[in-house]
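Colleague: Pasting a structure here, questions to come.
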Amino acid sequence: MDAGDRPARLTVGVLGAGKVGSALGAALAQAGHRVVAASGVSDDSQRWMAERLGVAPSPPDKVVAAAQLVLLTVPDDVLPSLVSGLAATGADLRGKMLVHTSGAHGLSVLDPAAAAGAVPFALHPVMTFTGRDDDLNKLTGISYGVTAPEAVRPVAEALVIEMGGEPVWIADADRPLYHAALAGAANHMVTLIAESSDLLRRIGVEHPGRMLGPLLGAALDNVLRLGITGLTGPVVRGDAGTVRKHVDALILAAPEAADAYVALARLTADRALAAGLLKPEEAERLLDALGGNIWT
Numbered sequence: 001m002d003a004g005d006r007p008a009r010l011t012v013g014v015l016g017a018g019k020v021g022s023a024l025g026a027a028l029a030q031a032g033h034r035v036v037a038a039s040g041v042s043d044d045s046q047r048w049m050a051e052r053l054g055v056a057p058s059p060p061d062k063v064v065a066a067a068q069l070v071l072l073t074v075p076d077d078v079l080p081s082l083v084s085g086l087a088a089t090g091a092d093l094r095g096k097m098l099v100h101t102s103g104a105h106g107l108s109v110l111d112p113a114a115a116a117g118a119v120p121f122a123l124h125p126v127m128t129f130t131g132r133d134d135d136l137n138k139l140t141g142i143s144y145g146v147t148a149p150e151a152v153r154p155v156a157e158a159l160v161i162e163m164g165g166e167p168v169w170i171a172d173a174d175r176p177l178y179h180a181a182l183a184g185a186a187n188h189m190v191t192l193i194a195e196s197s198d199l200l201r202r203i204g205v206e207h208p209g210r211m212l213g214p215l216l217g218a219a220l221d222n223v224l225r226l227g228i229t230g231l232t233g234p235v236v237r238g239d240a241g242t243v244r245k246h247v248d249a250l251i252l253a254a255p256e257a258a259d260a261y262v263a264l265a266r267l268t269a270d271r272a273l274a275a276g277l278l279k280p281e282e283a284e285r286l287l288d289a290l291g292g293n294i295w296t
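Just so you know, UniProt numbering puts 232 at position 232 of the sequence shown, and the rest follows in order with no gaps.
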């Protein structure tokens, strides 16, 4: 990064110093910026403000007044009311960088603040945060979904690089689909693996993680390297009888999981068919086994 592209050393405020806000605030501090104020109401937020950011809690208006760059790291559904509230209080937002970390929201959620003179942009870290001590270490090398007015795009991208991340430009209109893709992969994967672990425990497997770990690691490596051509298993083999046995077993053991299995098997078959990995006649047999139409 050229020296001219680096943002000046900034005073930073964090509104919502939870798992994400405290980690990003600490990363900005490591990059040479100075965290001067933060807000948060939970006991964990209070602790993270002290341990990660080195500041005492402040009211939101004081955070905004003290900082040149304000991180808005609150839940998605809270973000619109927070921004509207800041604008309604008459806080001096002129020239302040207001940065939200929501994946699904674009710039329009910051419109009330932008109308008052704030500089809006979105930096969404593509990572899960648990509140554990290793959250900060997870930031190195990750991607950030960046959306900003063109004039401040270099500043937004420079901040990401300073935190050790890779900026990836996301058009404002594409942010809901961008976030759906990420959430579908990461969040639903957790649900699927937890469900599989429970089913294995139900039949006496004491350590499902040991069994699933190597398999899931190989499957993840396959899809990231090879895409859909890395697919294995009964659907891509056209083993309709095996798929039917799966569905029957799930209906008896975990009916709530059977519907999800059927839906994902249909999507898997549809993609395998489109990629030429599954023959049409095999797809028809799978259609019968799944009890619905996989053709799109």
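Note that beta-carbon positions come from the ideal geometry of N, C-alpha and C, so glycine has one too.
In this structure, does DSSP put H100 in helix, strand or coil?
Modeller: Within the sequence shown, residue 100 is the residue found at index 100, counting from 1. Three-state DSSP puts H100 in a strand.
Colleague: Quick check on the DSSP output: the beta strand (DSSP E) that includes S45 runs from which residue to which?
Modeller: By one-based count along the sequence shown, residue 45 stands at place 45. Careful: S45 lies outside any beta strand (DSSP E), inside the alpha helix (DSSP H) at 43-48.
Colleague: For W295, which residues of its own chain have a beta-carbon under 7 Å away from its beta-carbon, when the five flanking residues on both sides are left out?
Modeller: One-based indexing of the sequence shown puts residue 295 at position 295. With a pLDDT of only 41 at W295, under the threshold of 50, the placement of this residue in the model should not be trusted; the figure read from the coordinates follows. There are no such residues.
Colleague: Starting from the Cα of G104, find the closest Cα among V126, L86, G276, R153 and give me that residue.
Modeller: Looking up residue 104 in the sequence shown gives position 104. Per the sequence shown, the amino acid found at residue 104 is Ala instead of Gly. The candidate whose alpha carbon is nearest that of A104 is V126.
Colleague: Using the Cβ count rule (16 or more neighbours within 10 Å means buried), how would you classify M189?
Modeller: By 1-based counting over the sequence shown, the position of residue 189 is 189. Burial call: exposed.
Colleague: Below 6 Å CB to CB, which residues in the same chain sit around A240 once its five sequence neighbours on both sides are set aside?
Modeller: Working through the sequence shown from its first residue, we reach residue 240 at position 240. So the list reads R285, L286, A289, once near-sequence residues are dropped.
Colleague: Give the single residue among P154, V152, R153, F129 whose Cα lies nearest to the Cα of I142.
Modeller: Translated into the one-based positions of the sequence shown, residue 142 becomes position 142. Comparing Cα positions, the closest option is F129.
Colleague: Roughly how many whole angstroms lie between the Cα atoms of residue 371 and D221?
Modeller: Nothing can be reported for residue 371, as the shown portion of the chain is limited to 1 through 296.
Colleague: In chain order, what residues of the same chain have a beta carbon less than 8 Å from the beta carbon of A115, not counting five sequence neighbours either side?
Modeller: In the sequence shown, residue 115 corresponds to position 115, counting from 1. Once the five neighbours on either side are set aside, the close Cβ partners of A115 are A87.
Colleague: Tell me, please, which residues DSSP counts as bridged to H124.
Modeller: Position 124 of the sequence shown holds residue 124. Bridge partners of H124: G145.
Colleague: In angstroms, rounded to a whole number, what distance separates the CA positions of T89 and R34?
Modeller: On the sequence shown, residue 89 is found 89 positions in, with the first residue counted as 1. On the sequence shown, residue 34 is found 34 positions in, with the first residue counted as 1. C-alpha separation (whole angstroms): 25 Å.
Colleague: Thinking P120 and L98 are a contact (beta carbons under 8 Å), I'd like their distance in whole angstroms, please.
Modeller: Translated into positions along the sequence shown, residue 120 becomes position 120. Translated into positions along the sequence shown, residue 98 becomes position 98. Rounded, the Cβ-Cβ distance is 5 Å, consistent with contact.
Colleague: Look up R34 in the DSSP assignment and say whether it is helix, strand or coil.
Modeller: In the sequence shown, the residue the question calls residue 34 occupies position 34. Note: R34 maps to strand in three-state DSSP.
Colleague: Taking 8 Å as the cut-off, does the region 272-282 touch the region 223-235 (at least 3 CB pairs, one atom from each stretch)?
Modeller: Touching, yes.
Colleague: Looking at the secondary structure, which residues open and close the alpha helix (DSSP H) in which residue 297 lies?
Modeller: Coverage of the chain is limited to positions 1 through 296, which leaves residue 297 absent and any answer about it impossible.
Colleague: What residue range does the alpha helix (DSSP H) around L82 cover?
Modeller: The residue labelled residue 82 in the question sits at position 82 within the sequence shown. Unbroken alpha helix (DSSP H) run through L82: 79-88.
Colleague: Residues in the same chain with beta-carbon distance under 6 Å from R244, minus the five sequence neighbours each way, listed in chain order, please.
Modeller: Taking the first residue of the sequence shown as 1, we reach residue 244 at position 244. Cβ neighbours of R244 beyond the five flanking positions: A289.
Colleague: Could you give the first and the last residue of the continuous beta strand (DSSP E) run that contains P167?
Modeller: On the sequence shown, residue 167 is found 167 positions in, with the first residue counted as 1. First-last of the beta strand (DSSP E) with P167: 166-169.
Colleague: In or out: E206 buried (at least 16 other Cβ within 10 Å) or exposed?
Modeller: As a position in the sequence shown, residue 206 is number 206, starting the count at 1. Exposed, because fewer than 16 other Cβ atoms sit within 10 Å of the Cβ of E206.
Colleague: With DSSP run on the structure shown, which of helix, strand or coil describes L200?
Modeller: Taking the sequence shown and counting its residues from 1, one reaches residue 200 at position 200. Three-state result, L200: helix.
Colleague: Whole angstroms is fine: what's the gap from G85's alpha carbon to T191's?
Modeller: Walking along the sequence shown from the start, residue 85 turns up at place 85. Walking along the sequence shown from the start, residue 191 turns up at place 191. Cα to Cα, G85 sits roughly 35 Å from T191.
Colleague: Are the beta-carbon atoms belonging to L72 and L15 less than 7 Å from one another?
Modeller: If you number the sequence shown from 1, residue 72 lands on position 72. If you number the sequence shown from 1, residue 15 lands on position 15. Their beta carbons are under 7 Å apart, which means L72 touches L15 by this criterion.
Colleague: Taking one C-beta from the region 40-52 and one from the region 169-183 each time, how about it: are there three or more such pairs within less than 8 Å?
Modeller: The answer is no - the region 169-183 does not touch the region 40-52, with fewer than three Cβ pairs under 8 Å.
Colleague: Here's a check: name, in chain order, each residue in its chain whose Cβ is nearer than 8 Å to the Cβ of V20, leaving out the five neighbours to either side.
Modeller: As a first step, residue 20 is located in the sequence shown; it is residue number 20 there, counting from the start. Closer than 8 Å at Cβ, skipping near neighbours: T73, T101, P125, F129.
Colleague: Between the Cα of L93 and the Cα atoms of A219, L107, D61, which residue gives the shortest distance?
Modeller: Taking the sequence shown and counting its residues from 1, the one referred to as residue 93 is at position 93. Considering only alpha carbons, the answer is D61.
Colleague: Could you tell me if P176 is buried or exposed, where buried requires 16 or more neighbouring beta carbons within 10 angstroms of its beta carbon?
Modeller: The sequence position of residue 176 within the sequence shown is 176, counting from 1. The residue in question, P176, is exposed, as its Cβ has fewer than 16 Cβ neighbours within 10 Å.
Colleague: Taking D134 as the reference, which of E282, M211, A27, V262 has the closest Cα?
Modeller: Indexing the sequence shown from 1 puts residue 134 at position 134. Comparing Cα positions, the closest option is A27.
Colleague: For V262, which residues in the same chain have their Cβ closer than 8 Å to its Cβ, ignoring the five residues on either side in sequence?
Modeller: If you number the sequence shown from 1, residue 262 lands on position 262. Counting only Cβ-Cβ distances below 8 Å, and skipping sequence neighbours, we find V247, L290, G291, G292.
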